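Asker: Protein chains in written order, with my numbering: chain B, 10 to 250; chain H, 6 to 303; chain X, 120 to 448.
Glycine included, C-beta positions come from ideal geometry on N, C-alpha and C.
Nothing here was measured: the structure is a model prediction, and the numbers come from that model.
Before I ask anything, here is the structure I am working with.
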Amino acid sequence: MLKIDDIHVYRGRTHVLKGVSLHVQQGEIVSLIGGNGAGKTTILRTISGLLRPSRGKIFLKTSKTSGETDISRVPAETITGLGVTHCPEGRGIFSQLSVKENLMIGAYLRKDKEGIADDYARVCALFPILGSRSRQTGGSLSGGEQEMLAVGRALMSRPELLTLDEPSLGLGPIIVDNLFSVLAEINRQGVTLLLVEQNAIKALKLSHRTYVLETGRMALSGLSAALIDNEKVKKAYLGGT
Amino acid sequence: MSGGYIAQQIVNGLILGSMYALVAIGFSMIYGIIRLINFAHGEIIMIGAFLTLGLLQKLQLPFPVAAPLVLIAGAVVGIIIEKGAFRPMRGAPQVTGFIASLGVSIMLQNLGILLLTAQPRNFTFPDYLQSVVQIGLVSFRTIDGVIMASALVLMGGLLFLVHKTRLGMAMRATAENIDVARLMGININRTIMATFAIGSALAAIAGLMWGGKFGQIDPLLGFVPGLKSFVAAVIGGVGSIPGAILGGYILGLSEVLFVGLLPPIYSAFRDAFVFSTLILILLVLPNGILGKKMEDRA
Amino acid sequence: MKRIPLHQIWYFVFVLSGAVFVFIARSTFNEYILSIINFVGIYIILAVSLNITNGFTGLFSLGHPGFMAIGGYMTSVLTFPVAKKAMFLELPGWLSHLALPFLPALLIGGVCASLTAFVIGVPVLRLRGHYLAVATLGFLIIVQVLITNWESVTRGPLGMNGLPALTHLWWVYAWVVITLYVSWKIKFSSYGRSMLAIREDPLAAQCVGTRLFRTRVVSLALGAFFAGIAGGLWAHLVTAITPASFSLVLAFHIVVMVVVGGSGSISGAFVAAVLFSTITELFRPLEESLDAYGIGEILMALILILILIYRPTGIFGTREPGFLTAKST
Numbered sequence: 010m011l012k013i014d015d016i017h018v019y020r021g022r023t024h025v026l027k028g029v030s031l032h033v034q035q036g037e038i039v040s041l042i043g044g045n046g047a048g049k050t051t052i053l054r055t056i057s058g059l060l061r062p063s064r065g066k067i068f069l070k071t072s073k074t075s076g077e078t079d080i081s082r083v084p085a086e087t088i089t090g091l092g093v094t095h096c097p098e099g100r101g102i103f104s105q106l107s108v109k110e111n112l113m114i115g116a117y118l119r120k121d122k123e124g125i126a127d128d129y130a131r132v133c134a135l136f137p138i139l140g141s142r143s144r145q146t147g148g149s150l151s152g153g154e155q156e157m158l159a160v161g162r163a164l165m166s167r168p169e170l171l172t173l174d175e176p177s178l179g180l181g182p183i184i185v186d187n188l189f190s191v192l193a194e195i196n197r198q199g200v201t202l203l204l205v206e207q208n209a210i211k212a213l214k215l216s217h218r219t220y221v222l223e224t225g226r227m228a229l230s231g232l233s234a235a236l237i238d239n240e241k242v243k244k245a246y247l248g249g250t
Numbered sequence: 006m007s008g009g010y011i012a013q014q015i016v017n018g019l020i021l022g023s024m025y026a027l028v029a030i031g032f033s034m035i036y037g038i039i040r041l042i043n044f045a046h047g048e049i050i051m052i053g054a055f056l057t058l059g060l061l062q063k064l065q066l067p068f069p070v071a072a073p074l075v076l077i078a079g080a081v082v083g084i085i086i087e088k089g090a091f092r093p094m095r096g097a098p099q100v101t102g103f104i105a106s107l108g109v110s111i112m113l114q115n116l117g118i119l120l121l122t123a124q125p126r127n128f129t130f131p132d133y134l135q136s137v138v139q140i141g142l143v144s145f146r147t148i149d150g151v152i153m154a155s156a157l158v159l160m161g162g163l164l165f166l167v168h169k170t171r172l173g174m175a176m177r178a179t180a181e182n183i184d185v186a187r188l189m190g191i192n193i194n195r196t197i198m199a200t201f202a203i204g205s206a207l208a209a210i211a212g213l214m215w216g217g218k219f220g221q222i223d224p225l226l227g228f229v230p231g232l233k234s235f236v237a238a239v240i241g242g243v244g245s246i247p248g249a250i251l252g253g254y255i256l257g258l259s260e261v262l263f264v265g266l267l268p269p270i271y272s273a274f275r276d277a278f279v280f281s282t283l284i285l286i287l288l289v290l291p292n293g294i295l296g297k298k299m300e301d302r303a
Numbered sequence: 120m121k122r123i124p125l126h127q128i129w130y131f132v133f134v135l136s137g138a139v140f141v142f143i144a145r146s147t148f149n150e151y152i153l154s155i156i157n158f159v160g161i162y163i164i165l166a167v168s169l170n171i172t173n174g175f176t177g178l179f180s181l182g183h184p185g186f187m188a189i190g191g192y193m194t195s196v197l198t199f200p201v202a203k204k205a206m207f208l209e210l211p212g213w214l215s216h217l218a219l220p221f222l223p224a225l226l227i228g229g230v231c232a233s234l235t236a237f238v239i240g241v242p243v244l245r246l247r248g249h250y251l252a253v254a255t256l257g258f259l260i261i262v263q264v265l266i267t268n269w270e271s272v273t274r275g276p277l278g279m280n281g282l283p284a285l286t287h288l289w290w291v292y293a294w295v296v297i298t299l300y301v302s303w304k305i306k307f308s309s310y311g312r313s314m315l316a317i318r319e320d321p322l323a324a325q326c327v328g329t330r331l332f333r334t335r336v337v338s339l340a341l342g343a344f345f346a347g348i349a350g351g352l353w354a355h356l357v358t359a360i361t362p363a364s365f366s367l368v369l370a371f372h373i374v375v376m377v378v379v380g381g382s383g384s385i386s387g388a389f390v391a392a393v394l395f396s397t398i399t400e401l402f403r404p405l406e407e408s409l410d411a412y413g414i415g416e417i418l419m420a421l422i423l424i425l426i427l428i429y430r431p432t433g434i435f436g437t438r439e440p441g442f443l444t445a446k447s448t
């Protein structure tokens with residue numbers, strides 16, 4: 010579904026990604042872990058079109074692309090229409106818009122009124138709190154509710170690939186558990202997930218495969234179940250010895 | 006000082022306030038979406054006034070035809086300015102945009118002088134708009150009534166557009182967070198262009214009103230009302246449309262009352278009064294009356 | 120024997136050749152050309168001094184003509200002959216009998232402008248970026264309104280005319296050299312470096328111990344001092360002073376010079392001032408003969424916008440030409 014081929018990305022003069030490759034199969038949950046400043050966020054922002062790689066290509070194949078297409082030069086506002094939706098770091102809720110407007114803006118590019126209504130009902134079923142607070146402003150929600158709103162808003166675009174940047178950031182453990190079980194449910198409903206997480210255990214447990222990123226390069230990759238027992242990973246990211 | 010006199014002053018203040026409010030809306034919307042204090046916004050008033058003059062007196066178009074044309078032409082001018090000057094420097098520091106807008110402002114003023122000469126011209130509306138209406142204690146010309154009523158209609162329409170339509174939602178989202186708006190599929194170039202178009206259309210109509218109210222126009226006429234409308238936007242809270250409307254009426258009323266109620270010796274100082282208010286508000290109430298909290302003002 | 124560094128020889132060469140130029144100019148050129156050269160000099164003082172405020176510390180001020188007006192009016196009132204004062208102005212007793220020579224009058228004008236900058240700077244410099252710009256614009260308009268209406272001292276919108284023609288090229292030249300010298304000394308002192316640090320990152324500058332607020336006020340007041348001097352020179356060059364001379368358009372001209380030259384670059388402000396004021400002066404007769412008023416301004420605005428789009432740091436950036444600076448070895 011997604012294949013990143015040796016991308017290099019600069020932010021200002023800093024060379025953040027120094028030749029990164031990864032791929033995501035349809036139906037998978039893939040997680041991306043690594044320390045601060047390793048470039049995880051940069052990878053997701055590059056996929057979503059907010060950043061442009063100076064070198065390398067990003068291939069996407071969804072029902073909305075004609076075969077496998079290079080999207081490395083496609084601007085952010087077009088990517089959503091190709092079936093990839095990015096749920097940004099810090100959630101990016103529109104705090105002045107109502108909860109319902111926040112969800113509806115997720116479906117900004119869609120024209121199918123009935124489909125949108127169906128998806129709205131589906132999101133409200135996944136996150137009942139959003140339905141009951143639909144008229145409040147986004148800014149009045151708690152952190153956990155905002156994260157649900159961000160995920161719900163992304164689902165409103167009916168993505169085939171959903172990329173999530175640190176969904177657990179700043180949330181309490183119970184809310185995180187809840188959120189991750191919803192993510193698993195979303196995946197069962199047919200959405201492919203690419204997840205960037207600081208909380209490595211959670212990410213490894215949820216995902217099928219995991220990539221470990223270190224200062225702009227891929228250090229390790231493999232099945233999550235195998236990596237969870239890997240000594241190096243344990244030492245660096247799981248706080249074990 | 007009779008009650009009738011005060012009522013009359015209040016009506017005059019509302020007329021002036023309507024014009025300030027229409028211009029202030031554009032300042033506020035443009036600031037809200039790209040954090041630009043668009044100094045050139047006032048020049049659209051001048052352009053609107055001269056367009057009206059041309060349509061009514063040169064082309065002899067009837068007023069109800071000319072007014073919508075002015076609205077459209079104002080929008081087009083706004084789009085040209087945005088594309089030509091501000092889009093190429095998007096992302097530059099805020100002050101850069103401000104200096105550029107100062108440049109655009111000086112350029113438009115001098116284009117006006119070059120093409121139309123600095124001579125003031127008389128601006129007359131058809132007789133049926135000039136007739137005087139007396140309601141109770143106050144009297145005003147039909148055109149003044151038209152000014153107040155159409156300002157209200159335009160503001161109502163704008164609030165509907167911003168809060169109830171897809172474009173309005175895109176505008177509000179872009180104003181809050183450009184990156185996330187793009188992730189939603191919003192074409193921000195088009196949204197910003199629409200914001201300039203709407204704001205400029207309203208300023209152009211204010212120019213039509215300005216000509217009708219004061220009867221004389223020249224290429225520098227937009228400068229002072231433009232600045233004052235900016236003050237109105239600051240009073241209401243830059244970035245907030247209801248704030249701009251409120252600020253416009255507050256400024257219009259207080260300016261007229263300042264001149265009308267205080268001894269005449271003070272009236273020459275009214276601009277000093279307006280701009281002292283500006284500095285005071287920036288310092289004491291930087292978010293205005295209805296504005297949201299902004300980080301980088303002070 | 121200690122060798123004199125090369126860049127200091129260059130300073131000497133410039134100051135001397137400037138003086139030679141003034142000497143030759145005064146003995147060869149006619150009044151009209153001399154007045155143009157004087158205007159160019161005054162613009163250099165204005166641009167280089169605004170560069171202290173705007174370029175070094177990054178305080179975007181549109182109030183420069185306001186300070187200029189204060190200095191200009193102050194100087195004019197002080198030099199105005201006692202006999203004329205009685206005829207035109209209604210001054211308080213002690214002032215109506217006072218007529219000072221040019222230099223003290225100029226200095227008092229400059230100091231007054233500087234004091235005003237302190238007084239308005241303390242509240243207003245809490246604002247940043249374009250909000251500061253708007254507030255200083257408000258200041259400029261307030262100054263204009265006050266001058267226009269304080270008729271007993273300023274003669275209102277008519278302005279004062281028949282001022283003694285005290286300004287000649289040596290005066291202007293001396294003040295150009297002083298302005299350049301002071302601003303150069305500041306830039307390459309530790310104080311100047313903290314100014315530049317404030318411009319780049321106020322928070323970080325504060326963290327390393329820069330007195331943020333004080334440095335800001337000082338840089339505004341210093342710029343205002345030279346603006347006041349320039350106002351006095353201006354008034355006694357055209358031998359008249361009116362409120363309309365100190366308009367936003369003038370502020371725009373000076374800002375264009377600083378921005379196009381490169382904010383923070385003294386050489387940039389100097390070169391841009393020479394360039395633009397010469398262009399403006401040359402365009403004036405052209406505009407009059409073609410009856411095409413406004414072309415000069417349009418051209419200037421266009422250059423400004425193009426520079427902002429394609430070279431936002433200006434011609435020189437913050438730098439000075441290499442041969443004029445000490446080698447840091």
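#1: What residue range is occupied by the uninterrupted beta strand (DSSP E) comprising B:G231?
#2: Look up X:S386 in the DSSP assignment and give the residues it is bridged to.
#3: How is X:L216 classed by DSSP in three states: helix, strand or coil?
#4: Does DSSP put H:M176 in a helix, a strand or coil?
#5: When you compare each of B:L31, B:H95, B:K70, B:P84 to B:S230 by their alpha carbons, which one comes out closest?
#6: Check this for me: beta carbons of B:S72 and B:T219, under 9 Å apart or not?
#7: Who are the neighbours of H:F274 on chain X, taking C-beta pairs under 7 Å?
#8: So X:I373 and X:I171 are in contact, right, with Cβ under 8 Å, and what is the actual spacing, rounded?
#9: Spatial neighbours of X:A144 within its chain, please: C-beta separation below 7 Å, excluding the five flanking residues on both sides.
#10: How long is the line joining the alpha carbons of H:I140 and H:I255, rounded to whole angstroms?
#11: Going by DSSP in three states, X:A359 sits in which element: helix, strand or coil?
#12: Below 8 Å, can you find three or more Cβ-Cβ pairs linking the stretch 115-126 of chain H to the stretch 221-231 of chain H?
#13: Report the three-state DSSP secondary structure of H:F103 (helix, strand or coil).
#14: Under the three-state reduction of DSSP, which class applies to H:R126: helix, strand or coil?
#15: Return helix, strand or coil for X:M279, following the three-state DSSP convention.
#16: Identify which residue in H:F128, H:A180, H:I246 has its Cα closest to the Cα of H:K218.
#17: How should X:N173 be labelled, buried or exposed, when 16 other C-beta atoms within 10 angstroms of its C-beta is the threshold for buried?
#18: Just the chain H side, please: which residues come within less than 7 Å of X:A252 by C-beta, in chain order?
#19: Name the one or two DSSP bridge partners that B:Y220 has.
#20: Measuring only between beta-carbons, confirm whether X:E416 sits less than 9 Å from chain H.
#21: May I ask which residues mark the beginning and end of the beta strand (DSSP E) holding B:V33?
#22: Going straight from the alpha carbon of H:D149 to that of H:I20, what length do you get?
#23: Helix, strand or coil for X:T448? Go by DSSP, reduced to three states.
#24: How would you write the range of the beta strand (DSSP E) that B:R64 sits in, first residue to last?
#25: Anyone know if the C-beta pair for H:M214 and H:A277 falls short of 9 Å?
#26: Could you check the C-alpha separation between X:S447 and X:S308 for me, to the nearest Å?
#27: Here's the rule: buried if 16 or more other CB atoms are within 10 angstroms of the residue's CB, otherwise exposed. What is H:Y10?
#28: Could you tell me which chain X residues have their CB closer than 7 Å to the CB of H:P93, listed as they occur along the chain?
#29: Counting only Cβ pairs nearer than 7 Å, list the residues of chain B close to H:L295.
#30: Anything in the stretch 93-104 of chain B with a Cβ closer than 8 Å to a Cβ of chain H? List those residues in chain order, please.
#31: At least one CB of chain B closer than 9 Å to the CB of H:V167: is that the case?
#32: Between H:F55 and chain X, is any beta-carbon pair separated by less than 9 Å?
#33: What residue does the beta strand (DSSP E) around X:D410 start on, and which one ends it?
#34: At what residues does the alpha helix (DSSP H) containing H:S144 begin and finish?
#35: In terms of residue numbering, what span does the alpha helix (DSSP H) encompassing H:M46 cover?
#36: Between the Cα of H:L58 and the Cα atoms of H:I152, H:F130, H:V109, which residue gives the shortest distance?
Answerer: Working from what's here:
#1: Taken as a continuous stretch (DSSP letters only), the beta strand (DSSP E) holding B:G231 covers 226-232.
#2: DSSP, once it has assigned bridges, lists no residue as partnering X:S386.
#3: According to the sequence displayed, residue 216 of chain X carries His and not Leu. Looking at X:H216 - three-state DSSP - the assignment turns out to be coil, as it is neither helix nor strand.
#4: H:M176: helix per DSSP, three-state reduction.
#5: Of the candidates B:L31, B:H95, B:K70, B:P84, the one whose C-alpha sits nearest the C-alpha of B:S230 is B:L31.
#6: No, they are not a contact pair.
#7: Near H:F274 (Cβ distances below 7 Å), the residues of chain X are V264, N268.
#8: Not quite, the Cβ-Cβ distance comes to about 12 Å (not below 8 Å), so this is no contact.
#9: If we look at X:A144 and ignore the five residues flanking it on each side, its Cβ neighbours are L153, I156, L288.
#10: Per the coordinates, the alpha-carbon of H:I140 lies some 23 Å from the alpha-carbon of H:I255.
#11: X:A359 falls in the strand class under three-state DSSP.
#12: Of all C-beta pairs linking the stretch 115-126 of chain H to the stretch 221-231 of chain H, three or more are shorter than 8 Å, placing the two stretches in contact.
#13: Three-state result, H:F103: helix.
#14: Of the three classes helix, strand and coil, the one that applies to H:R126 here is strand, per DSSP.
#15: If DSSP states are grouped into helix, strand and coil, X:M279 belongs with the strands.
#16: Considering only alpha carbons, the answer is H:F128.
#17: By the beta-carbon neighbour count (other beta carbons within 10 angstroms, threshold 16), X:N173 is buried.
#18: Taking a Cβ-Cβ threshold of 7 Å, the residues of chain H close to X:A252 are V100, F103, in chain order.
#19: Paired residue(s): B:L41, B:S230.
#20: Chain H, which has a Cβ nearer than 9 Å to the Cβ of X:E416, makes this yes.
#21: Segment 23-33, the beta strand (DSSP E) holding B:V33.
#22: About 7 Å.
#23: Because X:T448 sits at a pLDDT of 39, beneath the cut-off of 50, its placement in the model cannot be relied upon, and the point is left open.
#24: For B:R64, the enclosing beta strand (DSSP E) stretches over residues 64-69.
#25: Their beta carbons are not under 9 Å apart, which means H:M214 does not touch H:A277 by this criterion.
#26: For X:S447, the pLDDT reaches just 48, beneath the cut-off of 50, and the residue's location in the model is therefore unreliable, leaving the point undetermined.
#27: Taking a 10 Å sphere around the C-beta of H:Y10, we find fewer than 16 other C-beta atoms and assign the residue as exposed.
#28: Those are I428, listed as they occur along chain X.
#29: By Cβ distance, chain B contributes nothing, its closest Cβ being about 12 Å from H:L295, past 7 Å.
#30: Those would be T94, H95, P97, G101, F103, S104, in chain order.
#31: No, H:V167 lies away from the interface with chain B (no Cβ there is under 9 Å from its Cβ).
#32: Taking 9 Å as the threshold, the shortest C-beta distance from H:F55 to chain X does not fall below it.
#33: Here X:D410 belongs to no beta strand (DSSP E), and DSSP marks it neither H nor E.
#34: Where H:S144 is concerned, there is no enclosing alpha helix (DSSP H), although the beta strand (DSSP E) it sits in stretches over 143-146.
#35: In the sequence under discussion, the amino acid at residue 46 of chain H is His, which differs from the Met named in the question. Taken as a continuous stretch (DSSP letters only), the alpha helix (DSSP H) holding H:H46 covers 46-58.
#36: Its Cα nearest to that of H:L58, the residue H:F130 stands out among H:I152, H:F130, H:V109.
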